[in-house]
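UniProt numbering puts the first residue of the sequence shown at 1, with every later residue one more than the last.
All C-beta atoms in this analysis are idealised placements derived from N, C-alpha and C, irrespective of residue type, glycine included.
Since the model is a prediction, treat every value here as computed from it, not as a measurement.
Note sheet for the following structure.
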Amino acid sequence: KGKKGKKGKKDKKPQPPPPVPIPESGVAPKKFGTYDMVVVGCQEGDYDPRDGFDKCEDDWVACLANTLGDSYSLHCKNTLGQMRICAFVRADVAPAVHHWLKSTEATGLGHIMNNKGGVGISCRVWDTSVCFINSHLAAHDDMRKRRDDDFAEIVGGCRFGEKLECTEAFHHLVWMGDLNYRCEWGLEPGAEIKRKPTEERFNAMLAKVKGGPPGRAEIFKHDQLTRSRLAGDAFMGFQEGDPAKSHMPTFKVQREPGFNYKTQRTPAWCDRVLWKTAEGFSAKQTTLTAAGDVGTSDHKPVAAGLTLELLAHSATVHIESDDPSAAAEPMSPMSPAPDRAVSAFDVALDMAPQESAGASPGKVRRTQTVDATKSTSVKDAPFMRKLFQSLCFCAYPSNEWSAPTSRWILRFEELSATNLVASDINGKSDPYVVFFASVLEDPGKYAGPGVKNPKWRTKTIKTNLNPVWPCDGKSVPTLPLAVSQADVIGREHLLIRVMDQDTLSSDDLIGSARLYLGDFGDAIRAGKGGKIEKLIGLTSKGRRAGELMLSLVLEKNPHYAA
């Protein structure tokens, strides 16, 4: 950042950082080597571009591309102020990566200034949804709650065309950036947190930090981010490696090689990489390091390597349309992928110092999983339509039903919620539950005439934060599966939204969750039914929002005729 001179004029922006030898930088992907994808984010990235570049951003992206080499191509980038994120994909795996979307959310002054906030991108790798968010949260030791609130605001504002918030919408969500959380080591419980540490406390922390991993671990026990994550105040359900074991604190350092700390702030692991993975999938961190030899910032860049488990259905139809809300026309299916999952996908994450782009993308790629083996013949269609109408949809009955083509149905034996967040001014909510998944039948097939935007949903329970829905066939819908393949069902999730019904405004989201259907895949493979009983944590804006207790039964559709 430029400093003011004696006459009040700002100096020129800093010059481009000098090159760092690749072996010392900590990240050096080899040609057709280690990583399938490299994602890089930066905060406060501003300097005078080199000759030939009009903007700093163009120069920065060119530096990344030159470092990675010809084996990688830039697939997506997004910018908010001086925050940037870029995704490079290796050429041999590029055909599997598609459906890129972007989103941003500013959390600075007035919730519009872009000096703080988040910038995100998402994609699909075969049938696996993956999202990356780079953020810069509020600074200073005493601002932990503000950082928690910044995180929640980013989760609420970053939309990627999914029906759930980003913390629940993806198989894998990776979050990185200058998260600015500090360590409260050396403070008495309830003591005032000051922005500048006393000399005694700073020297004691420095001695611990430089004493090696055991001393760093002692300091890290008082890490604010870990506290917020475990309490459900922010980053609920996320995982991360062990920063204290892997590297020195990355802030606040002298602008020179090495970990030499400034006395104005307590040493802290401000620069982090976390991830959240849906149940039934795995993510493994393979490396975590801080580039101590980079001396151009008061932060040290952090790099992490992750191996993400992927999903690739063998029965997937890819469709394309001009508008996400328009009816989509089928495209030629992609080449068949393995029935289960691609074994792994390696990602390198590096951090150097409006509306979702999906709203008007030109062409939008979407996928729908279908059962290519399904074959039906209905003997008594009018009678069976009438029965299935009552069975499957709890509201808006109709005489115009499609034939019952589902071999399997999901039926609730129990559905209740506890400790829901109050959404109304009376301190209560009017909750109902919506269910959706790519493997469910289209509810529009079972809705009566004139019903707009039909959904698989329960009835509403008025003014209740601990509702219990009677599973009597009237209050809770039975869900027909559009797919009967065990390998497909066994890798899918039932997506759940608990909503607050409002009369004079749009309904509010109370919380959302995912239910893994893996056990049902095994049951279908054995040709028998199954049951899942589970207490699920609900989240809203990445925070704890209550619990949902359910008992869900998989059984053969008694009205199916093959």
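Counting pairs of Cβ atoms below 8 Å between the region 281 to 288 and the region 248 to 257, do you hit three or more? no
contact_flag[the region 212 to 224, the region 296 to 315] where n(CB pairs < 8 Å) is 3 or more: no
Which word fits Leu101, buried or exposed, when buried means at least 16 other C-beta atoms lie within 10 angstroms of its C-beta? buried
Helix, strand or coil for Tyr396? Go by DSSP, reduced to three states. Only weak support exists for where Tyr396 lies, its pLDDT of 36 falling under 50; the coordinates are left without a value.
Leu515: which of Gly490, Asp233, Thr503 sits nearest, CA to CA? Gly490
I'd like to confirm the pairing. Which residues does DSSP put opposite Pro480 in its beta bridges? Ile409
Could you give the DSSP three-state label for Asp487: helix, strand or coil? helix
How would you label Asn78, buried or exposed, when you count the other beta carbons within 10 angstroms and need 16 or more for buried? buried
Name the DSSP beta bridge partners of Met176, please? Asn134, Val273
Rounded to whole angstroms, what is the Cα-Cα separation between Gly546 and Leu415? 14 Å
Report buried or exposed for His299, applying the criterion of at least 16 other Cβ atoms within 10 angstroms of its Cβ. buried
Roughly how many angstroms lie between the CA atoms of Gly450 and Leu440, to the nearest whole one? 22 Å
Please classify Lys474 as buried or exposed, where buried requires at least 16 other C-beta atoms within 10 Å of its C-beta. exposed
Here's a check: name, in chain order, each residue in its chain whose Cβ is nearer than 7 Å to the Cβ of Gly177, leaving out the five neighbours to either side. Gly41, Gln43, Asn134, Ser135, His136, Met351
What are the partner residues of Thr458, as DSSP defines its beta bridges? According to DSSP, Thr458 bridges with nothing at all.
Let me know if Phe276 comes out buried or exposed under the rule of 16 or more other beta-carbons within 10 Å of its beta-carbon. Strictly speaking, residue 276 in this sequence is Lys, with Phe absent from that position. The residue is buried, with at least 16 neighbouring Cβ atoms inside 10 Å.
Pop quiz: Ala486 and Ile524 are said to be a contact at Cβ under 8 Å. What is the actual Cβ separation, rounded to whole angstroms? 4 Å
In the DSSP assignment, the alpha helix (DSSP H) including Gln224 goes from what residue to what residue? 224 to 231
Assign Gly521 to one of three DSSP states: helix, strand, or coil. helix
Coil, strand or helix - Gly305 by DSSP: strand
By a C-beta neighbour count over all protein chains shown, 10 Å radius and 16 as the cutoff for buried, is His224 buried or exposed? Reading off the sequence, residue 224 comes out as Gln, not His. By the 10 Å Cβ count, Gln224 comes out buried.
Which stretch, first to last residue, makes up the alpha helix (DSSP H) that contains Met205? 199 to 210
Looking at C-beta atoms only, is the number of pairs between the region 500 to 513 and the region 524 to 535 that lie closer than 8 Å three or more? no
Nearest-angstrom Cα separation, counted from Leu538 out to Gln150: Sequence check: residue 150 is Asp here, not Gln. So the two alpha carbons sit approximately 20 Å from each other.
Does Leu515 come out as helix, strand or coil in the three-state DSSP assignment? strand
Have a look at Leu68, Ala231, Asp424, Ser282 and flag the residue whose alpha-carbon is nearest the alpha-carbon of Ser505. Asp424
Can you give me the C-alpha to C-alpha distance between Lys163 and Gly212, rounded to a whole angstrom? 46 Å
Based on Cα-Cα distance, which residue from Lys459, Gly448, Leu310, Arg411 lies nearest to Val433? Lys459
Phe151 lies in the alpha helix (DSSP H); which residues open and close that run? 144 to 157
Using only CA atoms, which one of Lys208, Leu410, Arg229 lies nearest to Ala268? Lys208
Smallest Cα separation from Lys145: which of Ala204, Val38, Gly232? Gly232
Residues of its chain near Arg90, where Cβ-Cβ distance is below 6 Å and the 5 sequence neighbours each way are ignored: Asp36, Ser71, Tyr72
Option nearest Val498 by Cα separation, candidates Val468, Ser484, Phe170, Glu105: Val468
Residue nearest to Gly273 in terms of C-alpha spacing, selected from Thr34, Leu74, Gly241, Asp48: Per the sequence shown, the amino acid found at residue 273 is Val instead of Gly. For Val273, the nearest C-alpha among the options comes from Gly241.
C-beta atoms of Ala138 and Arg147 nearer than 8 Å: yes
Where does the unbroken beta strand (DSSP E) through Pro431 begin, and where does it stop? 431 to 436
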